[in-house]
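Position 69 of the sequence shown, counting from 1, maps to 69 under UniProt numbering, and the rest follow consecutively. We treat Cβ as the ideally placed atom computed from N, Cα and C, and that holds for glycine.
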Amino acid sequence: MSDSHSGQQAAFGRGLGVSAGDVLLVGLGGAVGSVVRYLAGLALPWEANAATFAINVAGSLVLGLIVAGCAGRWPRLQLTLGTGFCGGFTTYSALAVGVAQLALTGDVAVALLLALGTVVCAGIASLVGVWIGRRLSAGGAP
Numbered sequence: 001m002s003d004s005h006s007g008q009q010a011a012f013g014r015g016l017g018v019s020a021g022d023v024l025l026v027g028l029g030g031a032v033g034s035v036v037r038y039l040a041g042l043a044l045p046w047e048a049n050a051a052t053f054a055i056n057v058a059g060s061l062v063l064g065l066i067v068a069g070c071a072g073r074w075p076r077l078q079l080t081l082g083t084g085f086c087g088g089f090t091t092y093s094a095l096a097v098g099v100a101q102l103a104l105t106g107d108v109a110v111a112l113l114l115a116l117g118t119v120v121c122a123g124i125a126s127l128v129g130v131w132i133g134r135r136l137s138a139g140g141a142p
């Protein structure tokens, strides 16, 4: 994933093998992912916690596809789409704030359901994404 042979490492990445190009790819992917998340949140007809849940589960599925589909073949694509786009698209902080707000207003059961439901469903979605990605990268149909 790094381009350490080019000698163009970002100043904060010296010794870590992080190139300025890799940092740029992550930043570009993250910017696009953040904008897509914002627009999806506006377009979804649900309240904020339901939209955050849907975005996080969908992003986990996509990340699973990317990780398995790129698996050592396209590290920069994985960096751009996985770390960048999916990192910008999904949102742990919005989940955490939603859970905290629910708990503080007395909806502790709903807060726990949201937290656990998101983690379990996103985990299952990423598992499905990895499975599909492996099948597709092996040339088979999902």
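Inset, instruction - Tell me, to the nearest whole angstrom, how far the beta carbon of G30 is from that of G87; I am working on the premise that it is less than 8 Å. - result: 6 Å
Legend entry - Member of N56, W131, G27 and G133 whose CA lies at the smallest distance from the CA of R76: G27
Legend entry - Residue from A68, Q101 and G84 whose Cα sits closest to the Cα of V35: G84
Legend entry - Alpha carbon of C70 to alpha carbon of T118, nearest angstrom: 25 Å
Legend entry - Chain-order list of residues whose beta-carbon lies under 7 Å from that of V99 (same chain, five-residue window excluded): A111, L114 and A115
Legend entry - L72 versus S19 - alpha carbon distance: Inspection of the sequence shows that residue 72 is occupied by Gly rather than by Leu. Cα to Cα, the separation comes out at about 18 Å.
Inset, instruction - Check each candidate in N49, A51, L65 and A48 and name the one with the smallest Cα separation from A138. - result: L65
Legend entry - Extent of the continuous alpha helix (DSSP H) to which V128 belongs: V108 to S137
Legend entry - Residue interval of the alpha helix (DSSP H) (run including L39): A20 to A43
Legend entry - Close-in-space but distant-in-sequence residues of the same chain around T80 (CB under 6 Å, 5 per side omitted): L25 and G29
Inset, instruction - For G106, count neighbouring Cβ atoms within 10 angstroms of its own Cβ and tell me buried if that reaches 16, exposed if not. - result: exposed
Legend entry - Within 8 Å, strictly: CB atoms of A51 and L44: yes
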